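S.K.: Have a look at this one before I ask anything.
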Amino acid sequence: MTVVESIILGIVEGLTEFLPISSTGHLILVSHLLGIKQTAAHKTFEVAIQLGSILAVVFLYKDRLFRDIELWKKLIVAFIPTGALGFLLYKLIKSLFSPYIVSVMLVIGGIIFIIIEYLHRNKDYPIKSLEDVSYPKAFLIGVFQSFAMIPGTSRSGASIIGGLLLGLDRKVAAEFSFLLAVPTMFVATGYDVYKNYQVFQLNNWITLITGFITAFIFAVISIKLLLGFIKNHTFIPFGIYRIIIGILYFLIFLR
């Protein structure tokens with residue numbers, strides 16, 4: 001992989017990590033279009049640059065994260081389902097990375113978003129701040145997030161859907177999803193790099209750092225754009241986009 005390719009993938013990761021459209025699915029698709037094979041080193045690269053996106057959350061919410069112990073408790077509770085299942089099912093999760101599964105989950109997730117927004121149109125969501133998210137609801141959002149271990153589901157998409165169903169308004173659901181990514185992706189990235197560090201060579205580390213920095217910059221942009229967008233819009237456009245990209249995925253990989 002060249003440095004230019006790592007920049008392109010960093011942009012894709014940063015822009016898609018917090019949008020409910022599956023960053024993993026987009027990274028696999030763009031890697032295919034760039035002619036990059038899904039080797040063990042490349043799969044680890046795709047996971048590791050997500051850490052750049054997660055640091056964007058720490059950067060944007062640093063005041064909240066460094067002073068709000070109660071919030072951290074809720075995030076840890078929400079992380080438990082994904083952490084436990086991820087540790088127990090690591091090999092199975094890795095085996096699920098197939099174009100067919102990604103395309104199907106993109107479409108299914110898109111349909112679910114459209115249905116939820118349609119059924120809840122004009123609904124007044126009762127939970128309008130992170131302080132109002134209870135520990136049981138935090139845990140259940142974590143259960144929803146665990147479905148994102150299936151490639152193409154989208155970690156942010158699954159946790160946002162869970163939040164909406166549990167009564168969080170769009171902004172709170174999105175912000176809780178952003179913040180939940182911090183413990184989730186730090187652990188997932190660290191564990192994956194630990195399991196596969198031997199596949200990296202010096203040039204791998206150079207492209208990894210490049211992709212990492214690029215992902216950080218574009219994740220900051222993406223988070224701000226999403227929060228601005230959902231002030232006056234639903235998640236339906238993301239649902240439609242998921243269906244379109246899922247069909248495209250199917251045509252490209254499985255024709």
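One point on numbering: in the numbering used here, the residue at position 223 of the sequence shown is 223, and numbering is uninterrupted.
Don't be surprised by glycine CBs; every beta carbon is placed ideally from N, CA and C.
Everything numeric in this text was worked out from a predicted model, so none of it was measured.
For I252, which beta-bridge partners are listed by DSSP?
M.R.: Here the question's residue 252 lines up with position 252 in the sequence shown. Looking at the DSSP assignment, I252 forms no beta bridge with any residue, so it has no partner.
S.K.: By DSSP, does I230 sit in helix, in strand, or in coil?
M.R.: By one-based count along the sequence shown, residue 230 stands at place 230. Residue state, collapsed to three classes: coil.
S.K.: For the alpha helix (DSSP H) that contains M276, what are its first and last residues?
M.R.: A query on residue 276 cannot be resolved here, the shown segment of the chain reaching from 1 to 255 and no further.
S.K.: DSSP puts L168 in a beta bridge; with which residues?
M.R.: Locating residue 168 in the sequence shown gives position 168, counting from the first residue. L168 is bridged to I127.
S.K.: For the alpha helix (DSSP H) that I11 lies in, which residues bound it at each end?
M.R.: Looking up residue 11 in the sequence shown gives position 11. I11 -> alpha helix (DSSP H) spans 3–16.
S.K.: Return helix, strand or coil for L179, following the three-state DSSP convention.
M.R.: The sequence position of residue 179 within the sequence shown is 179, counting from 1. In this structure, L179 counts as helix in the three-state DSSP scheme.
S.K.: So for N122, helix, strand or coil by DSSP?
M.R.: The residue given as residue 122 occupies position 122 in the sequence shown. Coil, per DSSP.
S.K.: Helix, strand or coil for K256 per DSSP?
M.R.: No statement about residue 256 is possible, as the shown extent of the chain runs from 1 to 255 and does not include it.
S.K.: Taking three-plus beta-carbon pairs below 8 angstroms as touching, is the stretch 73–86 in contact with the stretch 209–216?
M.R.: In short, these stretches do not touch, since the Cβ pair count stays below three.
S.K.: Can you grab the Cα-Cα spacing for the pair A40 / Y194, in whole Å?
M.R.: The residue you call residue 40 lines up with position 40 of the sequence shown. The residue you call residue 194 lines up with position 194 of the sequence shown. Cα to Cα, A40 sits roughly 13 angstroms from Y194.
S.K.: Assign L226 to buried or exposed, taking buried as 16 or more other Cβ atoms, counted over all protein chains shown, within 10 Å of its Cβ.
M.R.: Taking the first residue of the sequence shown as position 1, residue 226 is located at position 226. Buried, since its Cβ has 16 or more Cβ neighbours within 10 Å.
S.K.: State the Cα-Cα distance for the pair S307 and K73, rounded to the nearest angstrom.
M.R.: Lying outside 1 to 255, the shown extent of the chain, residue 307 is not represented and no answer is given.
S.K.: Measure how close the beta-carbons of Q50 and E17 come, nearest whole angstrom, since I'm counting them as under 8 angstroms.
M.R.: Indexing the sequence shown from 1 puts residue 50 at position 50. Indexing the sequence shown from 1 puts residue 17 at position 17. Their Cβ separation, rounded to whole angstroms, is 6 angstroms, which keeps Q50 and E17 in contact under 8 angstroms.
S.K.: Would DSSP call P237 helix, strand or coil?
M.R.: Position 237 of the sequence shown, counted from the start, is the residue given in the question as residue 237. In this structure, P237 counts as helix in the three-state DSSP scheme.
S.K.: Does the Cβ of Y135 have 16 or more other Cβ atoms within 10 Å, making it buried, or fewer, making it exposed?
M.R.: Counted from its first residue, the sequence shown places residue 135 at position 135. So Y135 counts as exposed.
S.K.: Give the single residue among Q38, Y100, I76 whose Cα lies nearest to the Cα of Y249.
M.R.: Sequence index remark: in the sequence shown, residue 249 carries index 249 (1-based). Y249 has its Cα closest to that of Y100, out of Q38, Y100, I76.
S.K.: Output the boundary residues of the alpha helix (DSSP H) element that contains I93.
M.R.: The residue given as residue 93 occupies position 93 in the sequence shown. Element bounds for I93: 90–95.
S.K.: Which class does L34 belong to by DSSP, given the choice of helix, strand or coil?
M.R.: Here residue 34 is taken as the residue at index 34 of the sequence shown, counted from 1. Here L34 sits in coil by DSSP.
S.K.: Have a look at H26 and R67 and give me their C-alpha separation to the nearest angstrom.
M.R.: On the sequence shown, position 26 is the one that residue 26 refers to. On the sequence shown, position 67 is the one that residue 67 refers to. If I take the Cα positions, the gap works out to 35 angstroms.
S.K.: Compute the distance between the beta-carbons of A48 and I223, then report whether it is under 8 angstroms.
M.R.: As a first step, residue 48 must be located in the sequence shown, where it is residue number 48. As a first step, residue 223 must be located in the sequence shown, where it is residue number 223. No, Cβ-Cβ distance for A48 and I223 is not below 8 angstroms.
S.K.: With a CB to CB cut of under 6 angstroms and the five nearest residues on each side skipped, what residues in its chain are close to A158?
M.R.: Taking the sequence shown and counting its residues from 1, one reaches residue 158 at position 158. Cβ within range, chain order: F144, Q145, F147, A148.
S.K.: Of the residues G142, S23, L168, R64, which one's Cα is nearest the Cα of D124?
M.R.: Taking the first residue of the sequence shown as 1, we reach residue 124 at position 124. The residue with the shortest Cα to Cα distance from D124 is L168.
S.K.: Taking C-beta to C-beta, are I240 and G152 nearer than 8 angstroms?
M.R.: In the sequence shown, the residue the question calls residue 240 occupies position 240. In the sequence shown, the residue the question calls residue 152 occupies position 152. For I240 and G152, no; Cβs fall outside 8 angstroms.
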